[in-house]
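Chains as they are written, first to last, in the working numbering: chain V, 6 to 329; chain W, 234 to 564. Accompanying notes for the structure given below.
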Amino acid sequence: MNVPDRTLLEMFETMTRIRLFEERVTLEYQRGDMPGFVHTYIGAEAVAAGICAHLSDDDLIASTHRGHGHSLAKGCSIAGMLAELYGRETGLCKGRGGSMHIADFEIGMLGANAIVGGSIGLATGGAFAQQVKGTSNVSVSFFGDGGAGQGILYESMNLASIWKLPVIYVCENNGWAESTPASYSQSVEDLSRRADGFGIPGHVVDGADVFAVHKAAGEAIGRARRGDGPSFIEAKIPRISAHYVGDTQKYRDEDDLAAAKQRDPLERFGSELTAAGLLDEAAVEAIRSAIVEELDRGVAAAKADPWPAADGVTDYVYSGAYGA
Amino acid sequence: MLQAVGEAMYQAMEADETVVVYGEDVVGGAGLGEPYEGAMGGTFGATRGLFHRFGRTRVRDTPISEAGLVGVAVGAAASGIRPVVDMMWSSFTPLAFDQIHNQAAKLRYMFGGQASVPLVLRMAIGAGLGAAGQHSDTLYSLYTHLPGIKVVVPTTPHDAKGLLLAAIADDDPVLFFEHMRLYNTRQEVPEEPYTVPLGSASVTRPGTDVTIVGVSYMAKLALEVAGALASDGIEAEVIDPRTLSPLDSETILTSVRKTGRLVVVDESPPRCSIAADLAAMVSEHAFDALAAPVRRVTSPHSPVPLSPPLENAYIPDAERIRAAVDTVLNR
Ligand SMILES: Cc1ncc(C[n+]2csc(CCOP(=O)(O)OP(=O)(O)O)c2C)c(N)n1
Numbered sequence: 006m007n008v009p010d011r012t013l014l015e016m017f018e019t020m021t022r023i024r025l026f027e028e029r030v031t032l033e034y035q036r037g038d039m040p041g042f043v044h045t046y047i048g049a050e051a052v053a054a055g056i057c058a059h060l061s062d063d064d065l066i067a068s069t070h071r072g073h074g075h076s077l078a079k080g081c082s083i084a085g086m087l088a089e090l091y092g093r094e095t096g097l098c099k100g101r102g103g104s105m106h107i108a109d110f111e112i113g114m115l116g117a118n119a120i121v122g123g124s125i126g127l128a129t130g131g132a133f134a135q136q137v138k139g140t141s142n143v144s145v146s147f148f149g150d151g152g153a154g155q156g157i158l159y160e161s162m163n164l165a166s167i168w169k170l171p172v173i174y175v176c177e178n179n180g181w182a183e184s185t186p187a188s189y190s191q192s193v194e195d196l197s198r199r200a201d202g203f204g205i206p207g208h209v210v211d212g213a214d215v216f217a218v219h220k221a222a223g224e225a226i227g228r229a230r231r232g233d234g235p236s237f238i239e240a241k242i243p244r245i246s247a248h249y250v251g252d253t254q255k256y257r258d259e260d261d262l263a264a265a266k267q268r269d270p271l272e273r274f275g276s277e278l279t280a281a282g283l284l285d286e287a288a289v290e291a292i293r294s295a296i297v298e299e300l301d302r303g304v305a306a307a308k309a310d311p312w313p314a315a316d317g318v319t320d321y322v323y324s325g326a327y328g329a
Numbered sequence: 234m235l236q237a238v239g240e241a242m243y244q245a246m247e248a249d250e251t252v253v254v255y256g257e258d259v260v261g262g263a264g265l266g267e268p269y270e271g272a273m274g275g276t277f278g279a280t281r282g283l284f285h286r287f288g289r290t291r292v293r294d295t296p297i298s299e300a301g302l303v304g305v306a307v308g309a310a311a312s313g314i315r316p317v318v319d320m321m322w323s324s325f326t327p328l329a330f331d332q333i334h335n336q337a338a339k340l341r342y343m344f345g346g347q348a349s350v351p352l353v354l355r356m357a358i359g360a361g362l363g364a365a366g367q368h369s370d371t372l373y374s375l376y377t378h379l380p381g382i383k384v385v386v387p388t389t390p391h392d393a394k395g396l397l398l399a400a401i402a403d404d405d406p407v408l409f410f411e412h413m414r415l416y417n418t419r420q421e422v423p424e425e426p427y428t429v430p431l432g433s434a435s436v437t438r439p440g441t442d443v444t445i446v447g448v449s450y451m452a453k454l455a456l457e458v459a460g461a462l463a464s465d466g467i468e469a470e471v472i473d474p475r476t477l478s479p480l481d482s483e484t485i486l487t488s489v490r491k492t493g494r495l496v497v498v499d500e501s502p503p504r505c506s507i508a509a510d511l512a513a514m515v516s517e518h519a520f521d522a523l524a525a526p527v528r529r530v531t532s533p534h535s536p537v538p539l540s541p542p543l544e545n546a547y548i549p550d551a552e553r554i555r556a557a558v559d560t561v562l563n564r
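And the structure:
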């Protein structure tokens with residue numbers, strides 16, 4: 006492995022951050038005072054961490070309904086995200102969006118998106134803007150195997166290919182779209198094969214292996230920065246989480262879930278780093294307790310933060326004053 | 234109401250072999266073998282049991298491909314079967330807007346009456362779950378604008394069953410809007426199949442002082458408000474239009490001619506909406522009968538927000554309906 010130790014530890018920290026955030030949010034959501042629907046990213050941490058490790062604040066990502074992991078990996082603050090989840094004026098989107106719409110444009114996070122496939126055009130357009138502006142920034146489009154059902158993916162990929170846009174399509178294939186298995190709803194096992202039809206290189210990686218993700222992402226992002234056009238990475242990830250918090254997953258075979266849990270990317274990376282002598286129990290504990298403390302503070306602050314004023318319901322519909 | 238909707242689909246499928254039901258997660262566990270006990274049966278459970286009874290040819294899970302789902306429904310309907318497609322939430326129908334507007338709605342007309350497109354798109358609507366901007370729209374007004382489309386907005390379990398059976402039997406494309414806050418409402422409905430005709434409003438409470446027309450969940454809320462108004466000596470007549478296209482304007486006009494006052498309640502933004510449409514229709518045809526300007530109680534001109542205080546401000550409530558009634562009564 007020729008990845009710098011510092012990067013490895015940062016990715017471990019990011020993955021731990023995502024896992025602890027999601028576990029805490031699950032707990033808080035179950036108390037009943039967090040509005041809306043929550044979909045956690047547990048089990049997919051290596052993908053967001055491995056890809057975003059290559060990105061700066063000037064690079065762009067666009068996400069899905071399962072967006073907490075992408076947001077954290079891109080650098081969204083825990084406090085701002087929690088306040089958003091609780092619908093407070095201090096949230097990243099001023100309480101207007103919630104879990105499925107977390108965004109932070111200052112750091113290139115173009116938003117979680119509750120329309121499946123809805124952000125694929127956004128990410129591709131972000132890449133188009135980089136090309137027009139002449140930057141070497143890239144844009145990453147995250148979507149699931151379910152998202153691969155949407156026509157906009159294929160229209161976007163064709164545009165990206167003919168225009169050589171600096172976009173990376175990252176399909177997080179967790180085998181499920183709500184209760185519908187990808188083995189039923191998709192015509193091929195490897196969705197990355199479809200990229201070939203658009204002249205886009207497609208790769209399959211084990212999404213529970215952060216090294217593999219990091220490597221594939223490095224190549225794809227390098228290619229995009231050089232102006233050589235889009236890539237497609239399909240990360241096979243285990244769906245350890247339920248579809249949403251509260252989903253009983255009765256439609257799912259117990260063996261399938263058990264097999265997914267065997268592939269826990271965080272445990273795996275932790276043992277790999279420990280074996281390599283980069284981590285020990287005390288170091289893991291230090292990382293965890295710092296994050297837990299940040300979460301404690303974030304939850305307490307968010308709950309005490311002000312609600313948006315009711316007459317603010319029409320704020321942000323337009324750029325400025327709207328008519329009379 | 235959920236059960237009534239499910240029963241209507243079940244009975245329509247029993248009666249007519251060409252009725253098929255499909256959509257994302259309508260079986261909910263396809264591919265895992267059958268019968269599968271934990272099957273989801275749709276996001277809210279309305280299609281539960283259909284797969285076991287009618288099998289995999291007629292009841293299908295689908296990929297997440299709304300444009301394709303509706304496009305295929307149009308072609309299938311034009312070729313002699315009756316698809317009933319579960320769109321989950323109305324906010325997802327814009328992905329299929331071309332197929333609804335340019336294909337389903339216009340085929341019969343453009344092809345000089347040759348094509349028939351007997352499909353039904355079912356969907357949940359409404360704010361109140363904190364589901365925010367991309368899940369909570371009502372959108373029935375948008376589709377009411379489209380010539381060739383029929384629009385159904387049931388409020389009670391009885392009407393939901395009868396209207397859905399009528400919609401499935403109808404030879405035109407019908408969009409069927411189920412307010413998710415009505416899913417839990419309970420009412421005895423006849424066990425045997427029956428229809429409620431499209432284009433007939435229901436006067437859910439007779440009254441003489443003011444007419445309140447409420448759409449979907451707002452028809453239920455209007456009825457509750459009318460009950461409270463009665464204890465103040467105000468007799469409100471409440472009308473549930475049940476279908477917006479076709480619209481039973483006669484029932485509304487007759488009522489307004491009697492009461493002379495109209496309040497329209499609609500959980501949607503106010504512009505180019507059913508509330509605007511009803512206000513215009515009444516002003517045009519019953520202006521002489523109006524003792525006060527028509528009042529509309531609607532959502533603001535904004536998407537649906539997440540934050541509870543904002544969402545509450547978005548959804549019309551009893552207080553705002555009462556205030557509008559007071560205004561038209563000059564109280
Ligand atoms: C356009 C649209 N259709 C349907 C839905 C409902 N829905 C939300 S998540 C989901 C499954 C998405 O599956 P996938 O893209 O694989 O992502 P995952 O949830 O597995 O992360 C569905 C059908 C939606 N939000 N948007």
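Just so it is clear, CB atoms sit at the ideal spot from N, CA and C, and this is done for glycine as well.
- If one requires a minimum length of 3 residues, the beta strand (DSSP E) runs lying completely within the region 280 to 361 of chain W are 292 to 294, 315 to 322 and 353 to 358, in chain order.
- Between the C-alpha atoms of W/A509 and V/Y189 there is a straight-line separation of about 45 Å.
- V/I157 and V/G122 have their C-alpha atoms some 7 Å from each other.
- With 16 or more neighbouring CB atoms inside 10 Å of its own CB, W/Y416 falls in the buried class.
- Taking 8 Å as the CB threshold, W/Y416 stays off the interface with chain V.
- Proximity of chain V to W/D404 at the Cβ level (cut-off 9 Å) is not reached, the minimal Cβ distance being about 29 Å.
- Ranked by Cα distance from V/V143, the first of V/A84, V/Y327, V/L127 and V/P270 is V/L127.
- One Cα belongs to V/F42, the other to V/R273, and the distance between them is close to 29 Å.
- Residue contact with chain W for V/F42: present (Cβ-Cβ distance below 8 Å to some residue of chain W).
- One finds nothing in chain W with a Cβ atom closer than 9 Å to the Cβ of V/G275; even the nearest lies about 32 Å away.
- Annotation for V/W181: R244 place their beta carbon closer than 6 Å to its own, counting only its chain and skipping 5 residues before and after.
- Among the residues of chain W, those whose CB is under 9 Å from the CB of V/A119 are S324, A364, A365, G366, Q367 and H368, following chain order.
- Within the chosen limit of 7 Å, ligand 1 reaches the beta carbon of W/L328 through at least one heavy atom.
- Chain W has a Cβ within less than 8 Å of the Cβ of V/W312.
- Going by beta carbons, W/L283 and W/P316 fall outside the 8 Å limit.
- Any Cβ of chain W closer than 8 Å to the Cβ of V/T12 would place that residue at the interface, and such an atom is absent.
- Under the Cβ criterion of 8 Å, V/S184 is counted among the residues facing chain W.
- Per DSSP, the unbroken alpha helix (DSSP H) holding V/F216 starts and ends at V215 to R230.
- Listed along chain W are A365, G366, Q367 and L539, each with a C-beta nearer than 8 Å to that of V/H106.
- In this structure, ligand 1 has no non-hydrogen atom nearer than 7 Å to the beta-carbon of W/V527.
- The three-state reading of DSSP puts V/P186 in strand, counting E and B together.
- Two segments are said to touch when three or more pairs of C-beta atoms, one from each, lie closer than 8 Å; by this definition the region 522 to 531 of chain W does not touch the region 424 to 431 of chain W.
- W/S374 and W/I507 do touch by the CB rule: their CB atoms are close to 5 Å apart, below 8 Å.
- DSSP places W/S501 in the coil class of the three-state scheme, outside both helix and strand.
- Within a 10 Å sphere around the beta-carbon of V/E33 sit 16 or more other beta-carbons, which makes this residue buried.
- Taking 8 Å as the cut-off, the beta carbon of V/F148 is found no closer than this to the beta carbon of V/H75.
- Contact residues of the region 541 to 552 of chain W toward chain V are P541, P542, L543, E544, N545, A546 and Y547 (C-beta to C-beta distance below 9 Å).
- Between the beta-carbon of V/L90 and that of V/V30 there is about 7 Å, and that keeps the pair under the 8 Å contact cut.
- Taken in chain order, the unbroken stretches of beta strand (DSSP E) that lie wholly in the region 405 to 492 of chain W and span 3 residues or more are 407 to 412, 435 to 438, 443 to 447, 469 to 473 and 476 to 478.
- In the three-state scheme derived from DSSP, where H, G and I count as helix and E and B as strand, V/E15 is classed as helix.
- Membership of W/T560 in the alpha helix (DSSP H) is indicated by the continuous run A551 to V561.
- W/F520 is classed as exposed because its beta carbon has fewer than 16 other beta carbons within 10 Å across all chains shown.
- Annotation for V/V121 indicates a beta carbon within 7 Å of some heavy atom of ligand 1.
- Taking the Cα positions, W/G262 is about 42 Å away from V/D320.
- Looking at the DSSP output, V/E239 sits in a beta bridge with V/C176 and V/V209.
- If you check the CB distance, W/I297 and W/E247 do not come in under 8 Å.
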